[in-house]
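Position one of the first sequence corresponds to residue 8 (this note's numbering), numbered consecutively onward.
Notes for the one structure printed next.
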Amino acid sequence: MSPEVRVRFAPSPTGYLHIGGARTALFNWLFARHHGGKFVLRIEDTDMKRNTEEAMAAIYEGLEWLGLNWDEGPHVGGEFGPYLQSERTELYERYLKKLQDAGHIYEDQGALRFRSPREHVIVDDLVHGKIDFDLSNEETHPDMTIRRPDGSWIFHFVNVIDDLEMKISHVLRGEDHLSNTPKHIELIRALGATPPQYAQIPLILNRDGTKMSKRDAGARVEYYIRRGFLPAAVRNYLCLLGWSPKDDREKLDIDEIIRIFDLKNIGRSSATFDPNKLHWLNGEYARELSDEKFYELAVATLRSSSVKVDDYADEYVRAALQTCKGKINTFDELPAYCGFYFTDDFEYDAQSAAKHFTPENKPRLKAVRDSLSLVEKFDAAEMEAALKTTAAKLGIKFGAIVHPTRLAATGSTVGPSLYHLLEVLGKEKVLARIDRALALF
RNA sequence: GGCGCGUUCGUCUAGUGGUUAGGACACAGCCCUCUCAAGGCUGGUACACGGGUUCGACUCCCGUACGCGCUGCCA
Numbered sequence: 008m009s010p011e012v013r014v015r016f017a018p019s020p021t022g023y024l025h026i027g028g029a030r031t032a033l034f035n036w037l038f039a040r041h042h043g044g045k046f047v048l049r050i051e052d053t054d055m056k057r058n059t060e061e062a063m064a065a066i067y068e069g070l071e072w073l074g075l076n077w078d079e080g081p082h083v084g085g086e087f088g089p090y091l092q093s094e095r096t097e098l099y100e101r102y103l104k105k106l107q108d109a110g111h112i113y114e115d116q117g118a119l120r121f122r123s124p125r126e127h128v129i130v131d132d133l134v135h136g137k138i139d140f141d142l143s144n145e146e147t148h149p150d151m152t153i154r155r156p157d158g159s160w161i162f163h164f165v166n167v168i169d170d171l172e173m174k175i176s177h178v179l180r181g182e183d184h185l186s187n188t189p190k191h192i193e194l195i196r197a198l199g200a201t202p203p204q205y206a207q208i209p210l211i212l213n214r215d216g217t218k219m220s221k222r223d224a225g226a227r228v229e230y231y232i233r234r235g236f237l238p239a240a241v242r243n244y245l246c247l248l249g250w251s252p253k254d255d256r257e258k259l260d261i262d263e264i265i266r267i268f269d270l271k272n273i274g275r276s277s278a279t280f281d282p283n284k285l286h287w288l289n290g291e292y293a294r295e296l297s298d299e300k301f302y303e304l305a306v307a308t309l310r311s312s313s314v315k316v317d318d319y320a321d322e323y324v325r326a327a328l329q330t331c332k333g334k335i336n337t338f339d340e341l342p343a344y345c346g347f348y349f350t351d352d353f354e355y356d357a358q359s360a361a362k363h364f365t366p367e368n369k370p371r372l373k374a375v376r377d378s379l380s381l382v383e384k385f386d387a388a389e390m391e392a393a394l395k396t397t398a399a400k401l402g403i404k405f406g407a408i409v410h411p412t413r414l415a416a417t418g419s420t421v422g423p424s425l426y427h428l429l430e431v432l433g434k435e436k437v438l439a440r441i442d443r444a445l446a447l448f
């Protein structure tokens, strides 16, 4: 039996979870789940002492939202804890001593540095293959600092120590660490230990080819949470960035991805984040939500956008939202799409009004009003019949009355099925809205 | 500058010596249709460049260009 697969995600608490970091975490998680191994979360907070709890909360929230549960780490504990580097200083001291005793460390202006053996190091990377680094030249490959004069630890040192101590078997991390890897291996060998396996995955870039930075909208997982994206959709999309099932499937169940996930299918080139595709994929997931789930998420979104859903009867809200299901890709489209249900004080889209609220249409809209006022049972089927009859009587195409009617009732020419929306609104409101529109032109 | 990684439609990708270079998003058109979506159909756009190797290169090798990363007492 091969040794247990143990992987880790080791973010530093910067106050948010980067989308690229989330994908790194996701790949680690998938790898662990596929192999029945352990996914460890370790917080690398050696450099920043302040507001850690707050900053770490963003990481926890993002990972939890994506469903990336960790087997060891903050909150859940584990036999290799603590899982905050700020609480592991004794350990680092011990390893430092070991290196010092073996003569690998020297002081340089108060800082401690590791003396490179200056040899070739072959990095056998699971994504990129064998890479030969020649570290013989000190000019081009200076010794790395492992501790600052103030006693704080440098990433390269503590990261390596923790991976060793936590018995990490595979290091899946961003490709930006590829060039650091030979130095890490030197350190590990100096400690008489065996390096883990490495798989350095390509970075995620912006549309303009630059590295996604915190400033870019959409670079933070938080952004997708707030905008009402579905975690399963974001997760699915992230899987597709740099990994491929190698067939033409795009929308994949997470269990299926776990089943077929393989490092061999991770690409070698960096990927550009495509908001369009995520938007589409989110729609695919949104369309197959249960009515109840759709309702819950929709209401939450509307509330946070200050749409007054709570002023209306639950039955009304449910009926209203039901007419929106399947029509939107992301929930943040909802306020604009269905806001007319929850206020009588909406604006008419100016361009549409200019086009449809015309002298020619006025008698037509009047006819619609009269016709609807006579409908006994105010439901979609009756409404359809009434409107069709009206159009026929006027001798005009059906579409000619649909647009003005919709505009009068909702303020827009785009929206849910007209009949159904009228039914939800109810006779009183519909007639009042038509009257209001009629008075405008 | 040095070192490293990378390069297939605008984007994500499939492809491992012989394919009309496939799919998806986006885009355009058509169909469906009460609008918009969804769905169906159709269309256009890609192997960075130059040398090899080979009967034959997107596929293998070399070089060039370009991009990215590392080159910190950031992670």
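Glycine is no exception: its CB is placed at the ideal position from the N, C-alpha and C atoms.
Between residue i and residue j, is the Cβ-Cβ spacing less than 8 Å?
| i | j | result |
| --- | --- | --- |
| Thr-420 | His-410 | yes |
| Pro-203 | Val-178 | yes |
| Cys-246 | Leu-33 | yes |
| Ser-176 | Glu-11 | yes |
| Pro-189 | Val-130 | yes |
| Ile-273 | Ile-208 | yes |
| Gly-346 | Arg-294 | no |
| Val-47 | Met-173 | yes |
| Val-437 | Leu-401 | no |
| Pro-81 | Met-63 | yes |
| Arg-154 | Leu-98 | no |
| Leu-210 | Gly-27 | yes |
Under three-state DSSP, which class holds residue i?
| i | result |
| --- | --- |
| Ala-293 | helix |
| Phe-1 | As shown, the chain starts at 8 and ends at 448. That puts residue 1 outside it, with no answer to give. |
| Trp-160 | strand |
| Tyr-319 | coil |
| Gly-418 | coil |
| Asp-132 | strand |
| Met-8 | Residue placement at Met-8 is poorly supported in this model, since its pLDDT is 45, which falls under 50; the coordinates are not used for a value here. |
| Thr-59 | helix |
| Tyr-90 | coil |
| Glu-51 | coil |
| Tyr-23 | coil |
| Gly-456 | Because the chain here runs from 8 to 448, residue 456 falls outside it and cannot be looked at. |
In whole angstroms, what separates the C-alpha of residue i from that of residue j?
| i | j | result |
| --- | --- | --- |
| Leu-73 | Pro-366 | 54 Å |
| Glu-340 | Tyr-302 | 14 Å |
| Ile-267 | Pro-252 | 7 Å |
| Phe-338 | Asn-213 | 24 Å |
| Ala-17 | Leu-91 | 10 Å |
| Arg-180 | Arg-325 | 45 Å |
| His-25 | Ala-387 | 47 Å |
| Val-83 | Trp-77 | 8 Å |
| His-184 | Leu-237 | 31 Å |
| Met-8 | Phe-121 | Only weak support is given to the placement of Met-8: the predicted model assigns it a pLDDT of 45, under 50, and the question is left unresolved by the model. |
| Ala-65 | Glu-430 | 43 Å |
| Lys-373 | Leu-381 | 13 Å |
| Glu-94 | Leu-248 | 35 Å |
| Phe-385 | Arg-233 | 37 Å |
| Tyr-102 | Glu-193 | 14 Å |
| Asn-35 | Leu-106 | 30 Å |
| Arg-443 | Ser-359 | 16 Å |
| Leu-447 | Leu-394 | 22 Å |
| Leu-414 | His-41 | 53 Å |
| Ser-19 | Ala-109 | 30 Å |
Along the beta strand (DSSP E) that carries residue i, what are the first and last residues, could you check?
| i | result |
| --- | --- |
| Leu-179 | 177 to 181 |
| Thr-152 | 151 to 154 |
| Phe-46 | 45 to 48 |
| Phe-449 | No answer is possible for residue 449: it lies beyond the span of the chain, which begins at 8 and ends at 448. |
From the DSSP output, read off the bridge partner residues of residue i.
| i | result |
| --- | --- |
| Thr-188 | In DSSP, Thr-188 forms no bridge with anything. |
| Lys-218 | Leu-212 |
| Tyr-113 | Arg-120 |
| Gly-333 | Looking at the DSSP assignment, Gly-333 forms no beta bridge with any residue, so it has no partner. |
| Lys-137 | Asp-131 |
| Gly-346 | Gly-346 pairs with nothing; no bridge assigned. |
| Ala-278 | Ile-211 |
| Gln-358 | For Gln-358, which the question treats as bridged, DSSP gives no partner whatsoever. |
For residue i, report the span of its alpha helix (DSSP H) as first-last.
| i | result |
| --- | --- |
| Met-390 | 387 to 401 |
| Glu-145 | No alpha helix (DSSP H) holds Glu-145; DSSP gives it neither H nor E. |
| Phe-364 | Segment: none, Phe-364 is in no alpha helix (DSSP H) and carries neither H nor E. |
| Val-228 | 228 to 233 |
| Pro-238 | 238 to 247 |
| Lys-105 | 96 to 108 |
| Ile-267 | 261 to 267 |
| Val-314 | Unbroken run through Val-314: none, as it is neither H nor E. |
| Val-382 | Here Val-382 belongs to no alpha helix (DSSP H), and DSSP marks it neither H nor E. |
| Asp-339 | From DSSP, Asp-339 is part of no alpha helix (DSSP H); its letter is neither H nor E. |
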